[in-house]
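Colleague: Heads up: the protein sequence lines correspond to chains A and B, in order.
Just so you know, we're using my numbering here: the first sequence kicks off at 3 and counts up by one.
Just so you know, we're using my numbering here: the second sequence kicks off at 3 and counts up by one.
This is the structure, below, for whatever I ask next.
Protein chains: 2
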Amino acid sequence: MIKAKTGIVMMNLGGPANLDQVEPFLLELFADREIIQLPLQRWLGPFIARRRTPKVKRLYQSIGGGSPILGYTEAQGRGMVERLDRLSPATAPHQFYVAFRYVQPKSEDALRAMHADGVKRAVAFTQYPQFSCSTTGSSLNELWRAASRTGLRDSFEWSVIDRWPVHEGFIAAMTDTVREGLEQFDPADRDRAVILFSAHSLPLDVIDRGDSYPQEVGAGVQRVVERLATPNPYLLAYQSDVGPVRWLGPST
Amino acid sequence: MIKAKTGIVMMNLGGPANLDQVEPFLLELFADREIIQLPLQRWLGPFIARRRTPKVKRLYQSIGGGSPILGYTEAQGRGMVERLDRLSPATAPHQFYVAFRYVQPKSEDALRAMHADGVKRAVAFTQYPQFSCSTTGSSLNELWRAASRTGLRDSFEWSVIDRWPVHEGFIAAMTDTVREGLEQFDPADRDRAVILFSAHSLPLDVIDRGDSYPQEVGAGVQRVVERLATPNPYLLAYQSDVGPVRWLGPST
């Protein structure tokens with residue numbers, strides 16, 4: 003019995019669901035040369051991952067002991083397939099499959115589940131708005147590698163959604179968030195508040211390979227500022243650099 | 003007699019009008035710490051400027067012996083004031099004044115001419131589409147400094163147009179240029195041509211101070227690609243880095 007005709011693979015980095023997953027998550031992340039290239043990576047990657055584990059554990063502890071990303075992704079997935087079934091009966095039933103990069107469920111899990119459900123048409127749908135080799139690129143590469151490993155390389159007819167940096171819904175949501183922030187200011191001062199857009203940074207080596215990420219982040223900022231239509235000064239900065247290589251600035 | 007009521011100061015870098023102006027132009031450019039900060043600048047700036055002079059002279063020689071930028075700016079200025087006189091009779095007559103940063107006419111020339119013409123309202127109008135501290139910022143600072151030097155600090159009521167990175171006319175012109183380029187390809191291959199957007203680079207130190215230039219360049223690229231509405235792959239790169247500091251990449 004076919005349980006789904008069209009499968010949507012929701013690709014993302016993922017996050018540790020509980021504190022025991024923090025170290026394996028960081029180990030996998032710092033081993034991925036598509037996200038960061040370190041000198042002596044086989045040694046330096048695990049060193050940085052293990053050294054950061056206690057700090058990252060404390061941060062996850064402070065937000066309830068784990069990343070909420072799986073729950074959020076599943077909630078979005080349920081809403082998405084319900085909407086797709088309504089909008090496109092010809093390709094229904096739709097089903098979503100989560101493919102995280104560094105924690106379970108991974109690409110293999112998504113592919114095997116799609117196969118078991120009888121999916122014929124599959125959409126690789128990145129959950130990263132902007133394309134980067136280190137995020138969507140790494141997820142797509144892993145998805146194709148996993149398809150080979152599982153023997154499912156020819157099992158699906160694929161489409162790819164690899165970026166949506168200025169999608170109407172994304173820009174509207176971002177603008178609402180900024181507006182909520184501005185509303186916390188006294189109306190007399192509100193227009194003078196500086197809006198700081200803080201995107202995750204990338205190592206300069208990734209930028210110098212020609213990554214489209216900063217271009218697309220910049221386009222999104224412009225769209226949000228236009229939609230907001232306030233005179234506030236604003237700035238795009240980059241955060242969360244780590245390790246001994248130079249990252250894209252300005253640093254948040 | 004008032005010859006002009008509203009003055010529009012067209013600010014730009016400028017370029018040497020003839021080969022004799024190449025060395026003084028480069029000397030001024032490499033002395034400006036708002037455009038580039040070099041170690042031992044007082045010594046290294048002139049050194050780089052003088053070493054580059056013969057090469058830059060040859061390049062200007064090959065395009066007719068000088069930069070066409072003054073002629074182009076004056077042609078645009080004439081068209082602009084004609085249009086402004088028609089669109090806004092209340093602020094007419096309008097007159098344009100060129101203020102280059104490193105060659106004449108400079109800010110002093112523009113300010114003195116405006117004063118002589120009886121201008122009351124002035125618009126500092128950058129000719130750089132995207133804002134950068136190193137271009138528009140440097141020009142604005144120089145304009146205010148020149149106003150002090152000439153004793154004309156309180157002579158005009160100022161407005162500022164400091165950026166227009168996604169202005170409709172700018173995006174339309176850029177898109178037309180890309181389209182003309184694509185039309186040179188065989189229709190069978192056209193959609194596979196890679197569109198390389200090449201913007202002038204900036205030293206990373208300028209970027210790390212929080213310059214808005216890359217964000218605005220990225221926004222313009224997105225707008226051109228959307229307007230073009232072709233499936234061509236595209237890439238934003240940065241060109242013309244010079245000197246011993248690291249610049250924003252990827253390098254064209």
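The beta carbon of each residue, even a glycine, is placed where N, CA and C say it ideally should be.
Just so we're clear, the structure is a prediction, and the values are computed from it rather than from any experiment.
Return the Cβ separation of B/MET14 and B/PHE102 in integer angstroms, given the expectation that the two are a contact with Cβ distance under 8 Å.
Modeller: In the sequence as displayed, the identity of residue 14 of chain B is Asn instead of Met. Indeed, because the Cβ distance is near 6 Å, the residues count as touching under 8 Å.
Colleague: Using alpha carbons as the reference points, say which of B/THR55, B/GLN23, B/ILE38 lies closest to B/ASP243.
Modeller: B/ILE38
Colleague: For a contact meaning CB atoms closer than 7 Å, what does B/GLU170 contact in chain A?
Modeller: Proximity of chain A to B/GLU170 at the Cβ level (cut-off 7 Å) is not reached, the minimal Cβ distance being about 12 Å.
Colleague: By alpha-carbon positions, which one of B/ALA51, B/CYS135, B/VAL121 ends up nearest to B/PRO270?
Modeller: Residue 270 of chain B lies beyond the residue range present for chain B, which begins at 3 and ends at 254; the question has no answer from this structure.
Colleague: Counting only beta-carbon separations shorter than 7 Å, does B/GLY212 have a partner in chain A?
Modeller: yes
Colleague: Just how far apart, CA to CA, sit A/GLU30 and A/PRO48?
Modeller: 9 Å
Colleague: Does DSSP put B/ASN143 in a helix, in a strand, or in coil?
Modeller: It is helical.
Colleague: Which residue spans inside the region 42-90 of chain A form an unbroken alpha helix (DSSP H) run of at least 4?
Modeller: 43-64, 71-89
Colleague: Is it true that the CB of B/PRO235 sits closer than 7 Å to the CB of B/VAL180?
Modeller: no
Colleague: How many Å lie between B/GLU159 and A/LEU72 at the Cα?
Modeller: B/GLU159 and A/LEU72 have their C-alpha atoms roughly 57 Å apart.
Colleague: On the CB-based measure, 16 or more other CB atoms within 10 Å of its CB, does B/SER109 come out buried or exposed?
Modeller: buried
Colleague: Which of the three DSSP states is assigned to B/ILE209 in this structure?
Modeller: helix
Colleague: Where in the region 150-218 of chain A do unbroken runs of the beta strand (DSSP E), each at least 3 residues long, occur, reported from the N-terminal end onward?
Modeller: The qualifying runs are 159-163, 197-202.
Colleague: Would you check if the region 114-133 of chain B and the region 151-166 of chain B touch, i.e. whether three or more CB-CB distances between them fall below 8 Å?
Modeller: yes
Colleague: I want to see whether chain B comes within less than 7 Å of A/LEU238, judged by CB atoms only; does it?
Modeller: yes
Colleague: Under a Cβ-count criterion, where at least 16 other Cβ atoms within 10 Å of its own Cβ denotes burial, should B/THR8 be classed as buried or exposed?
Modeller: buried
Colleague: Taking 7 Å as the cut-off, decide whether the C-beta atoms of B/MET176 and B/GLY79 are in contact.
Modeller: no
Colleague: Which of the three DSSP states is assigned to A/ARG123 in this structure?
Modeller: It is a strand residue.
Colleague: What's the gap between the Cα of A/GLU228 and the Cα of B/GLY245?
Modeller: Going from the Cα of A/GLU228 to the Cα of B/GLY245 covers about 37 Å.
Colleague: Please compile the residues from chain B whose C-beta is within a distance smaller than 9 Å of the C-beta of A/LEU142.
Modeller: Within chain B, no residue has its CB atom less than 9 Å from the CB of A/LEU142, the nearest being about 15 Å off.
Colleague: Counting only C-beta atoms, is A/VAL83 closer than 7 Å to chain B at any point?
Modeller: no
Colleague: Using only the alpha-carbon positions, how far apart do B/ARG44 and B/SER136 sit?
Modeller: Near 18 Å, if we compare the C-alpha coordinates of B/SER136 and B/ARG44.
Colleague: If you draw a straight line from the alpha carbon of B/GLN106 to that of B/GLY16, how long is it in whole angstroms?
Modeller: 8 Å
Colleague: Mind listing the chain B neighbours of A/VAL58? Cutoff is C-beta to C-beta under 9 Å, in chain order.
Modeller: The contacting residues do not exist; A/VAL58 stays about 26 Å from chain B at best.
Colleague: Within 8 Å, do at least three Cβ pairs link the region 132-149 of chain A to the region 208-223 of chain A?
Modeller: yes
Colleague: I'd like the span of the alpha helix (DSSP H) that includes B/VAL24, first residue to last.
Modeller: Where B/VAL24 is concerned, the enclosing alpha helix (DSSP H) stretches over 24-33.
Colleague: Considering only C-alpha positions, which residue in the set B/ALA92, B/GLY212, B/SER150, B/ALA231 is nearest to A/LEU238?
Modeller: B/GLY212
Colleague: Please report the residue range of the beta strand (DSSP E) in which A/GLN241 lies.
Modeller: 236-241
Colleague: List the residues that DSSP assigns as beta-bridge partners of A/SER253.
Modeller: A/TYR240
Colleague: How many whole angstroms separate the CB atoms of B/VAL100 and B/ALA112, which I take to be in contact at a CB cut-off of 8 Å?
Modeller: Beta-carbon to beta-carbon, B/VAL100 and B/ALA112 are separated by about 7 Å, close enough to satisfy the 8 Å threshold.
Colleague: Once you ignore the five residues that flank A/THR55 on each side, which residues in its own chain have a CB closer than 7 Å to its CB?
Modeller: VAL24, GLU25, LEU28
Colleague: By alpha-carbon positions, which one of A/THR152, A/LEU250, A/GLU36 ends up nearest to A/LEU204?
Modeller: When only C-alpha atoms are compared, the closest one is A/LEU250.
Colleague: Helix, strand or coil for B/GLN97 per DSSP?
Modeller: strand
Colleague: Considering just the uninterrupted stretch of the beta strand (DSSP E) at A/VAL11, what are its terminal residues?
Modeller: 8-14
Colleague: Give me whichever residues DSSP pairs with B/LYS108 in a beta bridge.
Modeller: Partner residues in the beta bridge of B/LYS108, as assigned by DSSP, are B/PHE102.
Colleague: Three-state secondary structure (DSSP) at A/THR128?
Modeller: strand
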